[in-house]
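Engineer: Position one of the sequence shown corresponds to residue 1482 (the working numbering), numbered consecutively onward. What follows is a single structure, and I will ask about it in a moment.
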Amino acid sequence: MSTVGPRFVENSTIGPPSQPINIKDFLESAKARNVRIANVLAAFRGEAMELDGEDTVGEYEPIPEDLKAQIEEECRIDDEGAEARRILKNHKLSKFLSFYHEIWRPSQRVVDVKGKKKESPEIPLNEQLKDQEIALAYEVLQSVPLRSWRTPPQASHYIRPVQNSDRNVLTSVRANPLSEGDSNSSIPRRDSHETAVALITYTHYTRSTAKPHPYRLISQHVALSSQTLGDIWDNLPCDHKVLPVPKVADSADAGGAILEYAVPDRHGEGDEDMEDEGDDEEGRGAAIVIHDVVYGDGLSKEDFAEKGPGKVVLKRGGLMHDARLVDLELRLHHPYWCLHQGDCEHMLVFKEIRLPHPTDPSEGYPLTVRRTPSPHPRCQICNANGAEIAIVGDVRLGVNVALLCKGCWKALGLPEETDEEDTVLLVPLLKDSFYGAVGNERGGI
């Protein structure tokens, strides 16, 4: 039996994989299917239409105004919404609502954990119903005829609690900031003569830093079949892709001492007076493996990894920025390996391949539709704001490296240096705004 906890197994489960899907064949078969559907609809309407290669399924007829008004009237939830807002604003009723929900949908709770603050005992239902306002709300809840969502208390043994990977910090779909002016990042118009595209949904996993180092879900994106593996890599969020660049002293007396660190801009470059152009290649070098074929980014002049012993089963492919998705055969729910400098491993799992819908965004691909919250350290002084700067070598803080917010560091100020060898370095910490928003000369990170 595996010693890995269920929460690790749940997050790292991928599959089962599908058969290889040729995206070109998928587009051709989808187009032929749409033509057949259009012919059937035309025959059903009594219209004599011959559609030779014309795809008209995407042309949606407008709904009549009277029918639209009838549908809107049937779907109105104004009364229910007003009642829900009233209950949520009432602290007593909202607390009882959570208690009532817990009766029928019990969550899996961790009990008897050392160091964990014990929760206050819950008030029994009979005691709570003595309150007239709560009793009235209970009668309203009991009068709801829907019973399919209720589960017995024994179901709590099979319900896991909400995890970090289940959450989505995005309130709306995030467009790729590097897609401006790129024709391959937009869906072709229906009246244009450009080749049809498919929407490909893929999920990004990365290894956890905690043992046993399972893969955890980081983000989910949607790309066009006309885009490349390089476009996927450029939009992949990873905090090891943009690392602070050291600024080294020019004088020989300093012995190459590091003066400060700077965060590269969106073109992957730091200040103009950084040490030398050769170091600009640091942090680059990435590879994506698709069915034993390795596609590299071609940006690193030197290999950052050594070949292992034994026979190499991987084949050398072209550059990832030249490998279009439409030219590849992909398997759904199958993990594809990605590695970049720093020995940072990722997994790409393609979830869905479909045709565009009129409601899909027309530009800004690859889109980011899901992003799990990433833990961010807090300031070690105020313990309220997120850390923005790493302070190295300040004896006043009592540690070699201290993480502070800008406000606390501004109030603390630089120390009065009494020894020339005692220097304080300020290393900026990367923020979430950098992920997927900074790039190199190819348009990516």
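Ideal Cβ placement from N, Cα and C applies to all residues, glycine included.
Look at the alpha carbon of His-1721 and the alpha carbon of Glu-1826, and state the distance between them as a whole number of angstroms.
Structural biologist: Reading the sequence shown from its first residue, position 240 is the one you call residue 1721. Reading the sequence shown from its first residue, position 345 is the one you call residue 1826. The alpha-carbon atoms of His-1721 and Glu-1826 are separated by roughly 11 Å.
Engineer: Suppose the cutoff is 8 Å on Cβ atoms and the five residues either side in sequence are ignored; what does the same chain contact list for Asp-1875 look like?
Structural biologist: Counting from one through the sequence shown, the residue named residue 1875 turns up at place 394. Closer than 8 Å at Cβ, skipping near neighbours: Ala-1883, Pro-1896 and Val-1905.
Engineer: How many Å lie between Trp-1714 and Ala-1804 at the Cα?
Structural biologist: On the sequence shown, residue 1714 is found 233 positions in, with the first residue counted as 1. On the sequence shown, residue 1804 is found 323 positions in, with the first residue counted as 1. Cα to Cα, Trp-1714 sits roughly 12 Å from Ala-1804.
Engineer: Can you give me the C-alpha to C-alpha distance between Val-1650 and Pro-1856, rounded to a whole angstrom?
Structural biologist: Locating residue 1650 in the sequence shown gives position 169, where the first residue counts as 1. Locating residue 1856 in the sequence shown gives position 375, where the first residue counts as 1. About 12 Å.
Engineer: Pick out the complete beta strand (DSSP E) segments inside the segment 1824 to 1849, 3 residues or longer, and give them in chain order.
Structural biologist: DSSP runs (the beta strand (DSSP E)) wholly in the segment 1824 to 1849: 1825 to 1835.
Engineer: What distance in whole Å lies between the Cβ atoms of Arg-1812 and Ser-1579, which are believed to be in contact at a cut-off of 8 Å?
Structural biologist: Mapped onto the sequence shown, residue 1579 falls at position 98. Mapped onto the sequence shown, residue 1812 falls at position 331. Ser-1579 to Arg-1812, Cβ: 43 Å. No contact.
Engineer: How would you label Thr-1676, buried or exposed, when you count the other beta carbons within 10 angstroms and need 16 or more for buried?
Structural biologist: Here residue 1676 corresponds to residue number 195 of the sequence shown, with the count starting at 1. It counts as exposed.
Engineer: Shortest alpha-carbon distance to Leu-1705 belongs to which of Lys-1887, Leu-1508 and Pro-1909?
Structural biologist: As a position in the sequence shown, residue 1705 is number 224, starting the count at 1. Minimum Cα distance to Leu-1705 is reached at Leu-1508.
Engineer: Between Ile-1699, Lys-1611 and Glu-1620, which has its C-alpha nearest Asn-1645's C-alpha?
Structural biologist: The sequence position of residue 1645 within the sequence shown is 164, counting from 1. Closest option to Asn-1645, Cα to Cα, is Ile-1699.
Engineer: Grab me the residues of Pro-1497's own chain with a C-beta within less than 8 Å of its C-beta, minus the 5 sequence neighbours each way, in chain order.
Structural biologist: Counting from 1 along the sequence shown, the entry for residue 1497 is found at position 16. So the list reads His-1814, once near-sequence residues are dropped.
Engineer: Only counting the same chain, and skipping five residues up and downstream in sequence, which positions put a Cβ closer than 8 Å to that of Ile-1495?
Structural biologist: Taking the first residue of the sequence shown as 1, we reach residue 1495 at position 14. Closer than 8 Å at Cβ, skipping near neighbours: Tyr-1686, Tyr-1696, His-1814, His-1815, Pro-1816, Met-1828 and Val-1830.
Engineer: Around the C-beta of Val-1794, are 16 or more other C-beta atoms found within 10 angstroms, so that it is buried, or is it exposed?
Structural biologist: Reading the sequence shown from its first residue, position 313 is the one you call residue 1794. So Val-1794 ends up on the exposed side.
Engineer: Residues in the same chain with beta-carbon distance under 8 Å from Asp-1773, minus the five sequence neighbours each way, listed in chain order, please.
Structural biologist: Reading the sequence shown from its first residue, position 292 is the one you call residue 1773. Excluding sequence neighbours, Asp-1773 sits near Val-1794, Leu-1795 and Lys-1796.
Engineer: Any Cβ of chain B within less than 9 Å of the Cβ of Cys-1556?
Structural biologist: The question asks about chain B, but that chain is absent: this structure has only one protein chain.
Engineer: By the three-class DSSP mapping on this structure, what secondary structure does Val-1650 have?
Structural biologist: Walking along the sequence shown from the start, residue 1650 turns up at place 169. Coil, per DSSP.
Engineer: Do Arg-1835 and Thr-1682 count as a contact pair if the criterion is CB distance below 9 Å?
Structural biologist: In the sequence shown, counting from the first residue as 1, residue 1682 sits at position 201. In the sequence shown, counting from the first residue as 1, residue 1835 sits at position 354. Yes, they are a contact pair.
Engineer: Exposed or buried, which one is Glu-1901 when buried takes at least 16 other CB atoms within 10 Å?
Structural biologist: Looking up residue 1901 in the sequence shown gives position 420. Per-residue confidence for Glu-1901 stands at a pLDDT of 47, beneath the threshold of 50, marking its modelled position as unreliable; the derived number appears in the next sentence. The residue in question, Glu-1901, is exposed, as its Cβ has fewer than 16 Cβ neighbours within 10 Å.
Engineer: Between which two residues does the alpha helix (DSSP H) containing Tyr-1619 stretch?
Structural biologist: On the sequence shown, residue 1619 is found 138 positions in, with the first residue counted as 1. That run of the alpha helix (DSSP H) goes 1613 to 1623.
Engineer: Taking all protein chains shown into account, decide if Cys-1556 is buried (16 or more other Cβ within 10 angstroms of its Cβ) or exposed.
Structural biologist: As a first step, residue 1556 is located in the sequence shown; it is residue number 75 there, counting from the start. Classification of Cys-1556: exposed, given that the 10 Å Cβ count is below 16.
Engineer: Give every residue of the same chain whose Cβ lies closer than 6 Å to the Cβ of Gly-1777, excluding the five residues on either side of it in the sequence, and list them in chain order.
Structural biologist: What you label residue 1777 is simply residue 296 of the sequence shown in a count that begins at 1. Once the five neighbours on either side are set aside, the close Cβ partners of Gly-1777 are Ala-1768.
Engineer: Since Ile-1870 is in the alpha helix (DSSP H), which residue starts that stretch and which ends it?
Structural biologist: As a first step, residue 1870 must be located in the sequence shown, where it is residue number 389. Counting along the chain, Ile-1870 falls outside any alpha helix (DSSP H), though it belongs to the beta strand (DSSP E) covering 1870 to 1873.
Engineer: Does the Cβ of His-1748 have 16 or more other Cβ atoms within 10 Å, making it buried, or fewer, making it exposed?
Structural biologist: Locating residue 1748 in the sequence shown gives position 267, counting from the first residue. Note that His-1748 has pLDDT 43, beneath the 50 cutoff, so the model's placement of it is unreliable and the number below is only indicative. It is exposed - the Cβ of His-1748 has fewer than 16 other Cβ atoms within 10 Å.
Engineer: Distance, Cα to Cα, Pro-1718 vs Lys-1512?
Structural biologist: Mapped onto the sequence shown, residue 1718 falls at position 237. Mapped onto the sequence shown, residue 1512 falls at position 31. Spanning the two alpha carbons is a distance of roughly 34 Å.
Engineer: Taking all protein chains shown into account, do 16 or more other C-beta atoms lie within 10 angstroms of the C-beta of His-1572, making it buried, or fewer, making it exposed?
Structural biologist: What you label residue 1572 is simply residue 91 of the sequence shown in a count that begins at 1. That one is exposed.
Engineer: Using a threshold of 9 Å, state whether the C-beta atoms of Ala-1871 and Cys-1860 are closer than that.
Structural biologist: Indexing the sequence shown from 1 puts residue 1871 at position 390. Indexing the sequence shown from 1 puts residue 1860 at position 379. No, these two residues do not count as a Cβ contact at 9 Å.
Engineer: Pull up the CB-CB distance for Val-1908 and Val-1654, whole angstroms please, since I reckon it's below 8 Å.
Structural biologist: Here residue 1908 refers to the residue found at position 427 when the sequence shown is read from its first residue. Here residue 1654 refers to the residue found at position 173 when the sequence shown is read from its first residue. About 33 Å separates the two Cβ atoms, so there is no contact after all.
Engineer: Within the continuous beta strand (DSSP E) that includes Leu-1800, where are the two ends?
Structural biologist: What you label residue 1800 is simply residue 319 of the sequence shown in a count that begins at 1. Unbroken beta strand (DSSP E) run through Leu-1800: 1796 to 1800.
Engineer: Could you round the C-beta distance between Gly-1807 and Ile-1504 to whole angstroms and report it? I think they count as a contact, below 8 Å.
Structural biologist: Indexing the sequence shown from 1 puts residue 1807 at position 326. Indexing the sequence shown from 1 puts residue 1504 at position 23. It is Val, not Gly, that sits at residue 1807 in the sequence shown. About 5 Å; that satisfies the 8 Å criterion.
Engineer: Under three-state DSSP, which class holds Val-1908?
Structural biologist: Translated into the one-based positions of the sequence shown, residue 1908 becomes position 427. Strand.
Engineer: Can we count Gln-1500 as close to the ligand GTP, meaning its CB is less than 8 Å from some heavy atom?
Structural biologist: As presented, the structure is devoid of all ligands, the ligand GTP included, so that no description of it is given.
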